[in-house]
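Asks: Have a look at this one before I ask anything.
Protein chains in written order, with full-length UniProt numbering: chain X, 1 to 558; chain E, 1 to 728.
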């Protein structure tokens with residue numbers, strides 16, 4: 001498994017240069033000219049082509065259970081499609097089903113993936129439910145299992161939706177653990193109300209899906225997530241940025257100095273949301289994903305612009321495919337249509353076509369958004385995401401002149417419809433090398449199911465946590481040193497309570513009654529000291545640590 | 001008798017300050033009859049006498065143009081000229097010009113009529129031929145009085161006239177304001193106002209009024225519609241206490257500040273009914289209120305019976321605005337779903353949805369964190385309620401309101417980011433209004449860190465005052481630009497002893513600040529005196545917009561014939577230092593303590609009666625009436641209605657899907673049980689919802705599937721409904 005790539009232009013996120021590249025044992029061993037290599041090795045001529053770090057797809061769902069169905073593309077088929085498109089690593093989402101603990105679900109995923117994946121993979125963990133032991137589970141996953149990113153849902157009401165308070169708690173834990181908080185950002189309450197309303201009106205087709213998931217609802221949730229993450233001082237990663245509104249909120253938050261990342265997916269960058277109104281039910285249903293693909297045709301352009309400017313950082317595919325028969329479970333009710341679109345194979349080409357071929361970004365930025373940034377955020381840089389000596393030999397020899405028309409006829413996925421059907425893109429991989437082995441050459445795939453390794457990830461990725469740590473140090477708050485208040489105190493009438501008093505107010509139907517006066521025992525004032533010298537002028541050395549405008553100045557740079 | 005500002009004649013016009021110059025100021029066209037074409041109330045025209053000057057266009061235009069030579073100080077002097085005196089000396093008048101050089105002291109003068117002048121032709125305006133005026137004026141019985149007051153008016157300021165001070169409290173509710181500059185939200189003009197029975201009966205020059213009318217010489221001062229304070233909590237029960245300002249004390253303070261109507265919030269206990277609480281509030285207010293009032297009702301919990309009550313309140317009780325809380329977890333807070341339902345309900349009933357916008361969940365978390373860290377003082381209040389949480393809730397409320405097509409009204413806009421979101425939403429076309437309060441317009445939140453606990457606690461309100469000292473300026477700018485539309489006070493005062501129940505725990509400090517008395521002056525000082533807004537916009541944000549939004553217009557919020565005679569004669573030059581020592585509220589601390597405010601009411605007239613003059617209040621407990629507000633206010637709902645028509649959704653007509661369907665039932669339930677993802681532990685109902693609600697019918701359309709008629713267009717095109725409300 002030795003390999004020499006000659007004459008190519010090596011493209012990293014920071015620079016491009018011409019050099020030869022020698023690969024051995026799945027690692028890049030040498031880069032340079034006139035390399036001294038053993039004889040008799042396979043040589044790939046890359047003259048006029050680019051050598052890129054293999055793509056990293058940050059978001060796939062190849063084993064996602066929906067209504068007891070599993071996606072049409074499992075780990076084998078999905079990673080095959082990934083390799084065919086120039087992606088050499090995927091990060092799949094573990095979704096623990098009801099009654100399954102996070103750890104058990106993780107093991108389930110590992111088992112499936114280890115036996116089937118054709119390329120390296122890593123796992124995100126979804127946190128669909130919150131209970132006391134979740135914290136321990138997260139700790140275990142972070143410490144022993146190589147998971148450093150957790151996704152919470154702000155939608156799917158009554159199934160996985162988190163309340164704001166829970167999000168705050170989870171974010172605080174995630175921050176302490178040094179992981180990355182991901183959110184599926186949509187306001188589930190409103191979505192459900194809208195779904196009910198549309199069904200009542202007799203709108204049952206896939207157009208109901210997009211009508212019940214309006215853009216504002218996505219933007220609202222992103223805004224809320226950003227706010228909560230800021231309060232908790234936790235890095236935030238917004239998965240599936242599908243609309244202009246959501247992307248703008250992410251960009252604005254970034255400008256205010258927050259540590260927030262946005263992940264547009266292949267579908268939001270390249271597909272057309274007006275197909276929800278297609279007369280062909282099966283076609284319309286194939287587009288169902290949430291947040292939905294925006295029907296506004298200018299959305300894709302806007303998102304690619306933000307991706308180019310660095311306001312959005314990474315691209316995923318959210319590849320989660322269901323066959324038409326599976327989608328047809330919701331033929332009479334759009335809320336039952338299993339959600340998900342394809343995109344793992346098309347991702348690199350769509351980004352190249354939309355961003356690089358159109359002149360919005362250069363090849364280095366292309367590498368950054370398809371591979372390097374993901375590796376940095378999720379802490380496997382420079383092992384992946386860079387062509388450098390010592391890095392994994394996951395490489396793509398990219399032909400910017402190749403053109404390809406995407407079609408369900410020749411894609412590697414198992415589904416009948418491809419949401420990018422007919423999309424013509426310039427730029428395609430001509431050779432793909434995974435773990436030092438050529439897996440795609442001349443249009444032929446040579447994959448080995450089970451060859452993929454699990455890539456464990458460490459906590460506190462520098463790219464994310466350097467800033468968070470600095471802020472944590474600064475964010476300490478101090479009370480104002482005051483004397484005891486010794487004036488009159490209004491008596492809170494105890495008998496007033498039954499009639500309309502405090503107790504009665506606190507008890508809200510359906511909620512746990514908490515007395516409004518909380519933590520009285522936690523007063524910071526002690527009776528000892530300071531009372532006698534109260535009248536004496538305060539020492540000037542006692543400075544107020546939290547000045548007016550205090551803490552908030554630290555994180556909001558604007 | 002002639003009203004004041006006509007005391008000058010053509011030869012001195014150059015010497016007059018521009019604002020005293022002829023009505024209609026800069027235009028060369030002779031003044032038209034005000035209250036005529038600009039007055040939207042019928043009958044405004046009828047009281048007019050012939051105005052000869054209106055015909056003498058050429059003469060008028062030929063006169064020397066007015067200059068602005070004098071600096072804009074006290075507008076009181078010149079117009080004080082009375083009777084025929086000035087006309088007598090007309091012609092040798094150079095010496096008579098002290099007005100511009102010596103500012104007059106006070107502005108207005110109130111006289112009761114002596115009763116003899118029956119149907120006097122009051123002051124032919126703008127007369128060049130003062131002969132006419134003489135005829136009108138000499139009927140005056142007490143020549144001496146006329147002379148003296150005219151002397152005063154012209155600058156001698158010998159305030160010797162004994163009759164001037166002893167303004168007899170004539171019980172007649174007829175009132176004439178002469179020589180004032182009427183300021184509405186759209187324009188300002190000079191005219192006299194005649195009121196009777198608590199209504200404005202005539203506006204114009206040369207009014208024909210009955211004798212025995214009490215007359216107020218406004219001397220060119222501004223006459224503005226009385227302020228409307230859209231947000232007060234008078235006499236609000238809280239934890240067995242009551243706010244120290246009850247309806248009497250509170251409305252008294254309101255009147256002292258130039259506010260002639262308040263809209264109070266009814267806060268029902270979460271388990272008690274809205275109607276019950278409403279009746280309680282009505283009872284309290286009817287007995288005590290000194291000025292007219294209306295009520296908002298807060299929705300503190302939500303279920304079907306509340307919905308019914310809301311309907312009744314709108315239909316029978318004259319309430320058209322309801323507030324919901326996004327904060328106060330486990331107490332008043334409503335969930336997003338409830339918000340959606342409430343907004344839907346209010347939108348259908350034509351009411352206005354108000355929100356207290358703060359994210360209560362996160363606040364609860366932050367409060368717990370602060371207390372854990374040992375921060376128990378009032379600074380913990382502001383630290384646990386950062387600006388972002390306010391902004392987040394505003395964003396959420398706007399989103400939900402936009403989804404439900406319901407007009408939204410954000411109470412208490414306290415921070416820059418919340419205000420920004422409102423203006424952004426307005427730019428996107430949402431029907432949303434923002435209400436900054438006196439506190440957020442006047443002062444910042446740095447006092448939360450005061451060493452004096454009682455002072456720091458006095459500032460505790462939610463959302464809290466922003467510690468950023470540039471916030472008040474910023475909010476004033478948005479108010480001036482129209483991005484925020486109206487102002488309230490959120491007056492909700494607790495004594496220091498009451499606040500002190502939270503002395504060891506800031507979360508127990510009762511929330512609320514004063515502001516009902518200071519509101520008008522704060523806005524004048526911060527926005528008008530600084531040149532951010534003009535007097536018309538001032539009227540709009542303190543009164544007119546509120547009247548429009550809550551459907552009280554033009555009864556309130558405008559000076560026009562037929563409107564209620566709630567008027568304020570405003571002195572833009574008065575300077576007042578706010579202090580708890582002389583404020584009307586019963587609270588010990590005034591959060592505006594020591595602020596020097598330009599602009600104050602000189603005379604406040606409420607229901608046609610003089611409530612404030614010479615700094616003395618004459619209020620009557622219980623005189624205030626409840627003003628019912630009807631739903632579907634035009635100002636708000638015209639747009640909502642139009643959108644509702646547009647927002648019809650239609651399904652795509654498709655044939656039945658007849659392909660293969662994945663069989664859910666045969667899926668082995670072992671590993672990944674079917675339906676398990678849909679069914680949650682808390683809600684065990686089956687995942688398959690509403691299957692029977694399919695819009696597809698088996699009858700028809702299948703046969704002609706291939707040949708859809710061209711006329712069957714898709715009504716909901718790509719990008720469908722959302723285009724309607726988001727104009728961007």
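Glycine included, C-beta positions come from ideal geometry on N, C-alpha and C.
I'd like to check one pair, residue 325 of chain E with residue 356 of chain E: are the Cβ atoms closer than 7 Å?
Replies: As a working note, residue 356 of chain E is residue 356 in the second chain. As a working note, residue 325 of chain E is residue 325 in the second chain. In this structure, residue 325 of chain E lies closer than 7 Å to residue 356 of chain E by Cβ.
Asks: Just to check my reading of the structure: residue 326 of chain X and residue 117 of chain X have Cβ atoms closer than 8 Å, yes? What is that Cβ distance to the nearest angstrom?
Replies: Along the first chain, read from residue 1 onward, the residue named residue 326 of chain X stands at position 326. Along the first chain, read from residue 1 onward, the residue named residue 117 of chain X stands at position 117. Incorrect: roughly 22 Å between the Cβ atoms, too far for contact.
Asks: Can you tell me which of the three DSSP states residue 471 of chain X falls into?
Replies: Locating residue 471 of chain X in the first chain gives position 471, counting from the first residue. In the structure shown, residue 471 of chain X sits in a helix (DSSP, three-state: H, G or I).
Asks: With 7 Å set as the bound, which would you pick, yes or no: does the beta-carbon of residue 337 of chain E sit closer than that to a beta-carbon of chain X?
Replies: Position 337 of the second chain, counting from 1, holds the residue named residue 337 of chain E. Judged by the 7 Å Cβ criterion, residue 337 of chain E is in contact with chain X.
Asks: For chain A, is any of its Cβ atoms less than 7 Å away from the one on residue 340 of chain E?
Replies: Reference to chain A is not applicable here, since the protein chains of this structure are X and E.
Asks: Between which two residues does the alpha helix (DSSP H) harbouring residue 32 of chain X extend?
Replies: For the purposes of this step, residue 32 of chain X is taken as the residue at position 32 of the first chain. First-last for residue 32 of chain X: 27 to 32, but that is the beta strand (DSSP E), not the alpha helix (DSSP H).
Asks: Do you know offhand how far residue 624 of chain E's Cα is from residue 288 of chain E's?
Replies: As a working note, residue 624 of chain E is residue 624 in the second chain. As a working note, residue 288 of chain E is residue 288 in the second chain. Cα to Cα, the separation comes out at about 8 Å.
Asks: So residue 351 of chain X is in the alpha helix (DSSP H); what residue range does that whole segment cover?
Replies: The residue you call residue 351 of chain X lines up with position 351 of the first chain. From DSSP, the alpha helix (DSSP H) with residue 351 of chain X extends over 347 to 351.
Asks: Between X:35, X:202, X:454 and X:285, which has its C-alpha nearest residue 3 of chain X's C-alpha?
Replies: In the first chain, residue 3 of chain X corresponds to position 3, counting from 1. Of the listed residues, the one whose Cα sits closest to residue 3 of chain X is X:35.
Asks: Flag this pair as yes or no: are the beta carbons of residue 520 of chain E and residue 542 of chain E separated by less than 7 Å?
Replies: Taking the first residue of the second chain as 1, we reach residue 520 of chain E at position 520. Taking the first residue of the second chain as 1, we reach residue 542 of chain E at position 542. Against a cut-off of 7 Å, the Cβ pair of residue 542 of chain E and residue 520 of chain E comes out as a contact.
Asks: Report yes if the C-beta distance between residue 184 of chain X and residue 239 of chain X is below 7 Å; otherwise report no.
Replies: Here the question's residue 184 of chain X lines up with position 184 in the first chain. Here the question's residue 239 of chain X lines up with position 239 in the first chain. Yes; because the gap between Cβ atoms is below 7 Å, this pair is in contact.
Asks: Quick one: grab the DSSP three-state call for residue 505 of chain E.
Replies: One-based indexing of the second chain puts residue 505 of chain E at position 505. Three-state result, residue 505 of chain E: coil.
Asks: What does the Cβ neighbour count give for residue 507 of chain E, buried or exposed, with the cut at 16 atoms within 10 Å?
Replies: As a position in the second chain, residue 507 of chain E is number 507, starting the count at 1. The residue in question, residue 507 of chain E, is buried, as its Cβ has 16 or more Cβ neighbours within 10 Å.
Asks: What does DSSP give as the partner residues of residue 429 of chain X in its beta bridges?
Replies: By one-based count along the first chain, residue 429 of chain X stands at place 429. Note: residue 429 of chain X sits in a beta bridge opposite X:398.
Asks: State the start and end residues of the unbroken alpha helix (DSSP H) segment that holds residue 524 of chain E.
Replies: Here residue 524 of chain E refers to the residue found at position 524 when the second chain is read from its first residue. First-last for residue 524 of chain E: undefined, no H or E at that position.
Asks: For residue 201 of chain X, does the three-state DSSP call read helix, strand or coil?
Replies: Locating residue 201 of chain X in the first chain gives position 201, where the first residue counts as 1. Three-state DSSP puts residue 201 of chain X in coil, outside helix and strand.
Asks: Residue 154 of chain E: buried (16+ other C-beta within 10 angstroms of its C-beta) or exposed?
Replies: For the purposes of this step, residue 154 of chain E is identified with residue 154 of the second chain, where counting begins at 1. Since pLDDT at residue 154 of chain E reaches only 36, below the 50 mark, its modelled position is unreliable, and the value read off the structure follows with that caveat. It is buried - the Cβ of residue 154 of chain E has at least 16 other Cβ atoms within 10 Å.
Asks: Beta carbon of residue 482 of chain X, beta carbon of residue 451 of chain E: below 7 Å?
Replies: For the purposes of this step, residue 482 of chain X is taken as residue 482 along the first chain, with counting starting at 1. For the purposes of this step, residue 451 of chain E is taken as residue 451 along the second chain, with counting starting at 1. Taking 7 Å as the Cβ cut-off, residue 482 of chain X and residue 451 of chain E qualify as a contacting pair.
Asks: Anything in the region 340 to 359 of chain E with a Cβ closer than 7 Å to a Cβ of chain X? List those residues in chain order, please.
Replies: Within the region 340 to 359 of chain E, the qualifying residues are 340 and 359.
Asks: Thinking just about the alpha-carbon of each residue, which of E:532, E:513, E:431 and E:490 is nearest to the one in residue 481 of chain E?
Replies: Numbered from its first residue, the second chain carries residue 481 of chain E at position 481. Considering only alpha carbons, the answer is E:532.
Asks: Using the Cα positions of residue 472 of chain E and residue 375 of chain E, report the straight-line distance between them to the nearest angstrom.
Replies: As a first step, residue 472 of chain E must be located in the second chain, where it is residue number 472. As a first step, residue 375 of chain E must be located in the second chain, where it is residue number 375. Distance between the alpha carbons of residue 472 of chain E and residue 375 of chain E is about 27 Å.
Asks: Please work out which residues of its chain come closer than 8 Å, Cβ to Cβ, to residue 137 of chain X, disregarding the five sequence neighbours upstream and downstream, and give them in chain order.
Replies: Along the first chain, one-based indexing puts residue 137 of chain X at 137. Excluding sequence neighbours, residue 137 of chain X sits near 101, 102 and 103.
Asks: From the DSSP output, which residues share a beta bridge with residue 632 of chain E?
Replies: Counting from one through the second chain, the residue named residue 632 of chain E turns up at place 632. DSSP lists no partner for residue 632 of chain E.
Asks: Using a 10 Å radius around the Cβ and a threshold of 16 neighbouring Cβ atoms, would you call residue 187 of chain E buried or exposed?
Replies: Translated into positions along the second chain, residue 187 of chain E becomes position 187. By the 10 Å Cβ count, residue 187 of chain E comes out exposed.
Asks: What is the DSSP secondary structure of residue 598 of chain E, counted as helix, strand or coil?
Replies: The residue labelled residue 598 of chain E in the question sits at position 598 within the second chain. Residue state, collapsed to three classes: strand.
Asks: With a threshold of 7 Å between beta-carbons, can residue 283 of chain X be considered close to chain E, or not?
Replies: In the first chain, residue 283 of chain X corresponds to position 283, counting from 1. No, because no Cβ of chain E sits closer than 7 Å to the Cβ of residue 283 of chain X.
Asks: Could you spell out the range, first to last residue, of the alpha helix (DSSP H) harbouring residue 380 of chain E?
Replies: What you label residue 380 of chain E is simply residue 380 of the second chain in a count that begins at 1. 379 to 384 is the span of the alpha helix (DSSP H), which, as asked, contains residue 380 of chain E.
Asks: May I ask which residues mark the beginning and end of the alpha helix (DSSP H) holding residue 175 of chain X?
Replies: To locate residue 175 of chain X, count along the first chain from 1; it is residue 175. Looking at the DSSP string, the run of the alpha helix (DSSP H) that includes residue 175 of chain X is 164 to 177.
Asks: To the nearest angstrom, how far is it from the Cα of residue 420 of chain E to the Cα of residue 231 of chain X?
Replies: By one-based count along the second chain, residue 420 of chain E stands at place 420. By one-based count along the first chain, residue 231 of chain X stands at place 231. Near 20 Å, if we compare the C-alpha coordinates of residue 231 of chain X and residue 420 of chain E.
Asks: Around the Cβ of residue 474 of chain X, are there at least 16 other Cβ atoms within 10 angstroms (buried) or fewer (exposed)?
Replies: Position 474 of the first chain holds residue 474 of chain X. It counts as exposed.
Asks: Out of curiosity, what's the CA-to-CA distance linking residue 233 of chain X and residue 463 of chain E?
Replies: Indexing the first chain from 1 puts residue 233 of chain X at position 233. Indexing the second chain from 1 puts residue 463 of chain E at position 463. Whole-angstrom Cα-Cα distance: 21 Å.
Asks: May I have a chain-ordered list of the alpha helix (DSSP H) segments no shorter than 4 residues that lie completely inside the region 207 to 277 of chain X?
Replies: If we require 4 residues or more, the alpha helix (DSSP H) runs fully inside the region 207 to 277 of chain X come out as 207 to 212, 215 to 232, 244 to 255 and 266 to 270.
Asks: Would you mind listing the alpha helix (DSSP H) stretches within the region 310 to 359 of chain X that are 4+ residues and don't spill past its ends, in chain order?
Replies: List check, alpha helix (DSSP H) in window: 324 to 327 and 347 to 351.
Asks: Please report whether the beta-carbon of residue 683 of chain E lies at a distance below 7 Å from any beta-carbon of chain X.
Replies: Position 683 of the second chain, counting from 1, holds the residue named residue 683 of chain E. Confidence in residue 683 of chain E is poor, its pLDDT being 37 and thus under 50, which makes the residue's placement too unreliable to answer from.
Asks: Terminal residues of the continuous alpha helix (DSSP H) containing residue 362 of chain E?
Replies: Start at 1 with the first residue of the second chain, and residue 362 of chain E comes out as number 362. Its alpha helix (DSSP H) spans residues 360 to 372.
Asks: Can a CB atom of chain X be found closer than 7 Å to the CB of residue 383 of chain E?
Replies: As a working mapping, residue 383 of chain E is identified with position 383 in the second chain. Yes, residue 383 of chain E counts as interfacial toward chain X.
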